[in-house]
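Each step along the sequence shown adds one to the number in my numbering, with nothing skipped, and position 39 is 39.
Ideal Cβ positions, reconstructed from N, Cα and C, are used throughout, including at glycine.
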Amino acid sequence: MADNLPKKEQDLYSIDLLMQQTRQLAARYRQTTGNTLPITGEIARFDVAKALNMTLSDDLTLGYDAIGNAKSTRLKILIKGRVIFEDSHSSPRLGQLNPDGRWDRVVMVLFDDDYQPVEMY
């Protein structure tokens, strides 16, 4: 199916497929071992960029994860993601935010046990 698409769409199709497989692998890994894979941040970056039509930064040392594509809103976005596991008794935390960072806004993505986005704030 992907072979009939233009190159850019093939790449997006491939990344979509890889991310879906990654979600399945992470969920299965946790079900099997009780441990989590450290991939929530990358899944969150992908989901926010796709949902909000943003361009991801390749250089994570810049202090932000994505930039808006609209000319009027070229905001620099810091992206955080957390999985809320049904059987967990701990309270997930956002983590540290540098108030002097080079970001304009923060987007928080909450995921379910299957690493599917439930909410974006």
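Where G101 falls, given that 16 or more other Cβ within 10 Å makes a residue buried: When all chains shown are included, G101 counts as exposed.
Nearest to M120 (by Cα), restricted to the options Y29, D16, R45, Q24: R45
Reduced DSSP secondary structure (H/G/I, E/B, other) of I77: strand
Separation of A26 from G34, as counted between CA atoms: 11 Å
S57 and D65 closer than 8 Å at C-beta: yes
L94 (DSSP reduced to helix, strand or coil): In the structure shown, L94 sits in coil (DSSP, three-state: anything other than H, G, I, E or B).
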